[in-house]
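Q: The numbering of the sequence shown is the working numbering, which starts it at 1013 and goes up by one.
Every residue gets a Cβ at the ideal spot worked out from N, C-alpha and C, and that includes glycine.
Here the structure is a predicted model, which means the values were calculated and not measured.
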Amino acid sequence: MTTILITARLFIKTLLDHLQLSVSSIKFYEKVFTSYRGYGIKYIFILSTISSLICCVVFLNQTNKINNYLNYGQVSRDTQYIDQIITQLPIIEYDGRNISLQENTPLYINDLEDQKILAIDPKNQLSFTDKNKIPIIFAKDTLIVTVSGQREDLRKTIPIKYTQIFGPESQILNQEFIKSTLASLMKKVPTLFIYIIFPLLTGLILISTLLDKVFMIIMLLFITKISKINATMQSCIRTVLFASGLYSLLHLPLTLLTPLYIQSEQIADIVSLILPALQICANFLMILGVLKSTNKIKLFSFINNNRK
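#1: Checking 8 Å against the spacing of the C-beta atoms, do Y1051 and I1111 come in under that value?
#2: In chain order, what residues of the same chain have a beta carbon less than 6 Å from the beta carbon of L1253, not counting five sequence neighbours either side?
#3: Have a look at L1072 and T1306 and give me their C-alpha separation to the nearest angstrom.
#4: Determine the contact status of K1128 and K1145, defining contact as a CB-CB distance below 8 Å.
#5: Distance check for Y1273 and R1089, CA to CA, integer angstroms please.
#6: For Q1183 and L1194, I'd like the C-alpha separation in whole angstroms.
#7: Rounding to the nearest angstrom, what Cα-Cα distance links I1148 and Y1120 in this structure?
#8: In the DSSP assignment, find the unbroken beta strand (DSSP E) run with E1115 in it and report its ends.
#9: Which one of P1102, E1125 and I1058 has the shortest CA to CA distance from I1024?
#10: Buried or exposed, going by whether 16 or more other CB atoms sit within 10 Å of the CB of A1020?
#11: Based on Cα-Cα distance, which residue from P1102, T1270 and L1197 lies nearest to L1287?
#12: When DSSP labels each residue in this structure, what does M1228 get in the three-state scheme?
#13: Using 8 Å as the Cβ pair cut-off and three pairs as the minimum, do the region 1194-1213 and the region 1222-1234 touch?
#14: Put L1138 into one of helix, strand or coil per three-state DSSP.
#15: Shortest alpha-carbon distance to S1064 belongs to which of L1124, I1217 and Q1032?
#16: CB-CB under 8 Å to Q1092, same chain, minus the five flanking residues each way: which ones, in chain order?
#17: Given a cut-off of 8 Å on the beta-carbon distance, is the pair L1232 and V1302 in contact?
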């Protein structure tokens, strides 16, 4: 047991040292370029796994808070939006296929900012504008969820038949019934994250990092050629990937988690600039390290001569 702990501690320390040196040391890149072996893919894979794990742990924590609300009525800052929606829901009649309301429709549900977030429209009376703006729509026989990205081409509409959620039996869909239905669905989320989302996310981070760094690899190879440095494609790939460690580790967690935990837009904007700045620093140190490894920079030669 002690040996395992020592090994784990050494592994974590080595990983942290590599991440810290990647944005602070030219000599680190000299060693990576000339002394290290392999392509560096294992290093990026480890960081991608940790990045995916961070995201999954945080979202599972959010899932736990939602479960506590649905099962025990515990309202927190993270579940107040859900509570705001559910407490406004009217009694909905479901005949095993379609829904209907006693109230006039379409009926709108607003969020905490008083924006329309849900509409109940069994008679298909919503305007085209509202259909595009409102993220959740209860249509006659289908629940329509719209996920919007920053760009229009990232917009995704997901239709779900009520029979898939509530079954073929007639039901009265009141607030308690909807909460219990959501609670039963949420029980499947941890298994989904562990066996599907976690490995899938790890693979996506790894592939995204590799594809994103193709240009940098080509540029470094070009620099070595014009500088007449004897470099292989493997050494260039390895050096670029070691310079991309922090990017691979933090890019997705910062992208997904900043909106959850930082309410101020100004602070969120500052946070969004930190990682690109660190990546620029790492790339600059990487190029200097590669050039210094073969004494191609006169400045370093001058400094070394003065030290003697």
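A: If we stick to the structure as given:
#1: The Cβ-Cβ distance between Y1051 and I1111 does not fall below 8 Å.
#2: G1052 and I1056
#3: Looking at the two C-alpha atoms, the distance is approximately 49 Å.
#4: yes
#5: 11 Å
#6: Their Cα atoms are separated by approximately 15 Å.
#7: 10 Å
#8: Taken as a continuous stretch (DSSP letters only), E1115 belongs to no beta strand (DSSP E), as it is neither H nor E.
#9: I1058
#10: The Cβ neighbour count for A1020, taken over all protein chains shown within 10 Å, is under 16; the residue is labelled exposed.
#11: T1270
#12: helix
#13: Counting Cβ pairs under 8 Å, fewer than three are found: no touch.
#14: coil
#15: Ranking the options by Cα distance to S1064, first place goes to I1217.
#16: L1124
#17: yes
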